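Number of protein chains: 2
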Amino acid sequence: MSDNSSSPEKHTDLSADIAERIRQDILNGSLVADDRLPSESELSEAHGVSRATVREALKRLAAQSLIRTKRGATGGAFVNRQTFEDAYAQMASTAKLLITLNEVDIATACQARFALERGCARLAAKNRQEHHLDAMRHEIDRQKDPELSDEDFCASDVAFHRALVDATGNPVLSWQLAAAVEGIEPLMNMLTYRQRDRDAVISLHEAMVDALEARVGSRLEILMDYLRDQTLRTALS
Amino acid sequence: MSDNSSSPEKHTDLSADIAERIRQDILNGSLVADDRLPSESELSEAHGVSRATVREALKRLAAQSLIRTKRGATGGAFVNRQTFEDAYAQMASTAKLLITLNEVDIATACQARFALERGCARLAAKNRQEHHLDAMRHEIDRQKDPELSDEDFCASDVAFHRALVDATGNPVLSWQLAAAVEGIEPLMNMLTYRQRDRDAVISLHEAMVDALEARVGSRLEILMDYLRDQTLRTALS
DNA sequence: TTCGCGTTAATTGTCTGACATTTATGAGGG
DNA sequence: CCCTCATAAATGTCAGACAATTAACGCGAA
Chain A
1 MSDNSSSPEK
11 HTDLSADIAE
21 RIRQDILNGS
31 LVADDRLPSE
41 SELSEAHGVS
51 RATVREALKR
61 LAAQSLIRTK
71 RGATGGAFVN
81 RQTFEDAYAQ
91 MASTAKLLIT
101 LNEVDIATAC
111 QARFALERGC
121 ARLAAKNRQE
131 HHLDAMRHEI
141 DRQKDPELSD
151 EDFCASDVAF
161 HRALVDATGN
171 PVLSWQLAAA
181 VEGIEPLMNM
191 LTYRQRDRDA
201 VISLHEAMVD
211 ALEARVGSRL
221 EILMDYLRDQ
231 TLRTALS
Chain B
1 MSDNSSSPEK
11 HTDLSADIAE
21 RIRQDILNGS
31 LVADDRLPSE
41 SELSEAHGVS
51 RATVREALKR
61 LAAQSLIRTK
71 RGATGGAFVN
81 RQTFEDAYAQ
91 MASTAKLLIT
101 LNEVDIATAC
111 QARFALERGC
121 ARLAAKNRQE
131 HHLDAMRHEI
141 DRQKDPELSD
151 EDFCASDVAF
161 HRALVDATGN
171 PVLSWQLAAA
181 VEGIEPLMNM
191 LTYRQRDRDA
201 VISLHEAMVD
211 ALEARVGSRL
221 EILMDYLRDQ
231 TLRTALS
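Chains as they are written, first to last, in UniProt numbering: chain A, 1 to 237; chain B, 1 to 237.
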């Protein structure tokens, strides 16, 4: 049944249509997290297509991590709970792809990253907890090791800023920000830091932790501007 | 053959493996935009699997808009150019899903949105062009129509803020921001604006355009804080 | 009773071969 | 020169089969 698609458009790619229908069912709440979809055979019969087509549709949904599948007697396709963690990974991956494949220059990426992060400053200052400060100080200690490779230094930098945005206590915010920061990591990885550059970054990081501890958002904003300029200088040298 | 998968892990879901392999080829540059992949038959032979499995892998990639397919003699699967527009749609969709399915409360979403947008203020003030101001003023005119439904009012609001972030002139930034703003649109759509609320929003919008025209980023930031508070008040009434 | 164990059924994962549909290309005739 | 038609290559779809996995059931033994 239900092959009377109300849309008279070109019906190429049945699997896309079916995937979209199921997707809508998830969106509008007909299917909620952990619900089990009908079996592939039932779906194929319900939509009037072959099982192969249904499977292609399900793979599409799986690729967007909308569903997961389990084999066996009680198996089937289940609606995934959309965790922030999942969405974060997905967005970071998209961001990485976009930035590497479009040859975004590092200045643009830096500007974007620090602009976004700047927006978190006041909220982070207001809501930060002790463990956020601890995490950031821990990363600073790592960054002080002169033996650290540029790549590891960069990774630690990402962790530092991740803790900073987590300090806002707003999951939507930290999820968006973290994805953005991680998305430009490949670009940041191409930076080569001289020791002098590292020292400058580290002292700014320390000042930022202090500002965060004292809950002075405005100072944090200023420090972020300095950090942006410092990073841009490193990039252009 | 290359079925000598170096990974001895549980090899369930061959289609996922193959999709991942091709994905890596795109990531590392072995395949670049508009390259044509081998035909399904060739891929199935190359990876030692059936054509059905290859097709499932390709559908996964298509779902992530990494490839497109064309039928016919010169058809096949082609690597997609990753446009900001594509990535934007994808991220907005992910954001919508995440926010609706996790029952994020409107206060959290608002806070996130305005915090992110606030980060753009200074950059937008610096780089804005005349056509950005025009677009924003056009939306303000729409918003003044008292016959406008709440939903249309909200859509116009999204367009207004989209123009604002575009004014930064930074594609990475506007892409991230626009996705975030559109992601919380479903939530904003649930708001009911009294006329008094609309008037308050509109005058703030007008003040924001003026600040943007005068290139006074700091004032723009303050106005955004007001707008955030105003929106929160509307939400909580 | 309760534990253990094989059987069974349901479901996804994979393969094979076929046919339908779309589309560029080239040959042939007017 | 242009139109038409056959052809080939590729994706889209289908049907049917078998393999692999897994929970649940039933049954016998301790």
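Backbone N, C-alpha and C define an ideal beta-carbon position, used for all residues, glycine too.
None of these values were measured; they are calculated from a predicted model.
Excluding sequence positions up to five away, which residues of its chain have a Cβ less than 7 Å from the Cβ of H132/B? Counting from one through the second sequence, the residue named residue 132/B turns up at place 132. Within the same chain, H132/B has close Cβ partners A163, D166 and A167.
Quick check: is the beta carbon of E40/B nearer than 9 Å to any beta carbon in chain A? Locating residue 40/B in the second sequence gives position 40, where the first residue counts as 1. So, not an interface residue.
Which residues of the stretch 76-99 of chain B have a Cβ closer than 9 Å to any Cβ of chain A? Give them in chain order. R81, Q82, T83, F84, D86, A87, Q90, M91, S93, T94, A95, K96, L97, L98 and I99
For residue 255/A, tell me which candidate among I22/A, D35/A and T69/A has the shortest Cα-Cα distance. The structure shown does not extend to residue 255/A, since chain A is modelled only from 1 through 237, so no value can be given for it.
Between the Cα of V32/B and the Cα atoms of S149/B, I106/B and I67/B, which residue gives the shortest distance? The sequence position of residue 32/B within the second sequence is 32, counting from 1. Here the closest residue by C-alpha is I67/B.
Under the three-state DSSP convention, the category A63/A falls into: Along the first sequence, one-based indexing puts residue 63/A at 63. Helix.
Compute the distance between the beta-carbons of D150/A and L97/A, then report whether it is under 9 Å. By one-based count along the first sequence, residue 150/A stands at place 150. By one-based count along the first sequence, residue 97/A stands at place 97. No, the pair does not count as a contact, with Cβ atoms beyond the cut-off.
Are any of the Cβ atoms in chain A nearer than 9 Å to that of S15/B? Position 15 of the second sequence, counted from the first residue, corresponds to residue 15/B. Yes - at least one Cβ of chain A is within 9 Å of the one on S15/B.
Cβ atoms of A73/B and L58/B: under 9 Å apart, would you say? As a working mapping, residue 58/B is identified with position 58 in the second sequence. As a working mapping, residue 73/B is identified with position 73 in the second sequence. Contact flag unset, no.
Run down chain A in chain order and give the residues with a C-beta less than 9 Å from the C-beta of T74/B. Numbered from its first residue, the second sequence carries residue 74/B at position 74. Ordered by position in chain A, no residue passes the 9 Å Cβ test against T74/B, which lies about 17 Å from the chain.
Buried or exposed (CB count within 10 angstroms, at least 16 for buried), L212/A: As a position in the first sequence, residue 212/A is number 212, starting the count at 1. Counting Cβ neighbours within 10 Å, L212/A comes out buried, since at least 16 surround it.
Once you ignore the five residues that flank R219/B on each side, which residues in its own chain have a CB closer than 7 Å to its CB? Here residue 219/B refers to the residue found at position 219 when the second sequence is read from its first residue. Same-chain partners within the cutoff: A211.
Where A92/B falls: helix, strand or coil (DSSP): What you label residue 92/B is simply residue 92 of the second sequence in a count that begins at 1. A92/B falls in the helix class under three-state DSSP.
For a cutoff of 9 Å on Cβ pairs, would you count L27/B as touching chain A? Within the second sequence, residue 27/B is the residue found at index 27, counting from 1. Closer than 9 Å: yes.
DSSP puts R198/B in a beta bridge; with which residues? In the second sequence, the residue the question calls residue 198/B occupies position 198. In DSSP, R198/B forms no bridge with anything.
If you scan the UniProt domain "HTH gntR-type" (12-82) of chain B from start to end, which runs of the beta strand (DSSP E) of 3 or more residues do you find wholly inside it? 67-70 and 76-79
Reducing DSSP to helix, strand and coil, say where P146/A ends up. To locate residue 146/A, count along the first sequence from 1; it is residue 146. DSSP places P146/A in coil when its eight states are reduced to three.
In whole angstroms, what is the alpha-carbon distance linking K102/B and F160/A? Within the second sequence, numbered from 1, the residue matching residue 102/B stands at position 102. Within the first sequence, numbered from 1, the residue matching residue 160/A stands at position 160. At residue 102/B the sequence reads Asn, which differs from the Lys that was named. Approximately 27 Å between the Cα atoms of the pair.
Of all Cβ atoms in chain A, is any one closer than 9 Å to the Cβ of L164/B? Here residue 164/B refers to the residue found at position 164 when the second sequence is read from its first residue. With 9 Å as the cut-off, L164/B does not count as an interface residue toward chain A.
Please confirm whether R128/B has its beta-carbon closer than 9 Å to some beta-carbon of chain A. The sequence position of residue 128/B within the second sequence is 128, counting from 1. With 9 Å as the cut-off, R128/B does not count as an interface residue toward chain A.
Are the CB atoms of C120/A and G119/B nearer to each other than 9 Å? Position 120 of the first sequence, counted from the start, is the residue given in the question as residue 120/A. Position 119 of the second sequence, counted from the start, is the residue given in the question as residue 119/B. For C120/A and G119/B, yes; Cβs fall inside 9 Å.
Just the chain A side, please: which residues come within less than 9 Å of K144/B by C-beta, in chain order? Here residue 144/B refers to the residue found at position 144 when the second sequence is read from its first residue. Residues of chain A passing the Cβ test: none, with the nearest at roughly 29 Å.
What does Q230/A touch in chain B if you count any residue whose Cβ is under 8 Å from its own? For the purposes of this step, residue 230/A is identified with residue 230 of the first sequence, where counting begins at 1. Correct list: empty, because the minimum Cβ distance to chain B is about 17 Å.
So which of V54/A, N28/A, G29/A and L116/A has the shortest CA-CA distance to P38/A? Along the first sequence, one-based indexing puts residue 38/A at 38. Checking every option, the nearest Cα to that of P38/A belongs to V54/A.
At what residues does the alpha helix (DSSP H) containing I222/A begin and finish? Taking the first sequence and counting its residues from 1, one reaches residue 222/A at position 222. Run containing I222/A: G217 to L236, per the alpha helix (DSSP H) assignment.
Is the separation between the beta-carbon of A207/A and that of L223/A shorter than 9 Å? Walking along the first sequence from the start, residue 207/A turns up at place 207. Walking along the first sequence from the start, residue 223/A turns up at place 223. Cβ distance < 9 Å, so A207/A and L223/A count as in contact.
Using a C-beta to C-beta distance shorter than 7 Å, which residues of chain A count as neighbours of K59/B? Stepping through the second sequence from its first residue, residue 59/B is reached at position 59. What K59/B touches in chain A: S15, E56, K59 and R60.
Can you find the residues in the same chain that come closer than 6 Å, C-beta to C-beta, to G169/A, ignoring five residues on each side of it along the sequence? Numbered from its first residue, the first sequence carries residue 169/A at position 169. Contacts found: N127.
Rounded separation between A115/B and R142/A - CA only: For the purposes of this step, residue 115/B is taken as residue 115 along the second sequence, with counting starting at 1. For the purposes of this step, residue 142/A is taken as residue 142 along the first sequence, with counting starting at 1. Answer to the nearest angstrom: the Cα atoms are 30 Å apart.
Residue range of the alpha helix (DSSP H) that I170/A falls in? As a first step, residue 170/A must be located in the first sequence, where it is residue number 170. In the sequence under discussion, the amino acid at residue 170/A is Asn, which differs from the Ile named in the question. From DSSP, N170/A is part of no alpha helix (DSSP H); its letter is neither H nor E.
In three-state DSSP terms, what is T192/A? As a working note, residue 192/A is residue 192 in the first sequence. It is coil, neither helix nor strand.
Considering only residues of the same chain and omitting the five flanking positions on each side of L227/A, which have a CB-CB separation below 6 Å? Along the first sequence, one-based indexing puts residue 227/A at 227. Once the five neighbours on either side are set aside, the close Cβ partners of L227/A are L204.
Chain A residues whose Cβ lies nearer than 9 Å to that of L191/B: On the second sequence, position 191 is the one that residue 191/B refers to. None at all; the shortest Cβ gap to chain A is about 17 Å.
List the residues of chain B whose Cβ lies closer than 7 Å to the Cβ of R118/A, in chain order. In the first sequence, the residue the question calls residue 118/A occupies position 118. Near R118/A (Cβ distances below 7 Å), the residues of chain B are G119.
If we ignore side chains and look at the alpha-carbon of each, how far apart do E42/A and G75/A end up? What you label residue 42/A is simply residue 42 of the first sequence in a count that begins at 1. What you label residue 75/A is simply residue 75 of the first sequence in a count that begins at 1. Roughly 14 Å between the two C-alpha positions.
I'd like to check one pair, S30/B with E56/B: are the Cβ atoms closer than 9 Å? Indexing the second sequence from 1 puts residue 56/B at position 56. Indexing the second sequence from 1 puts residue 30/B at position 30. No. Outside cutoff.
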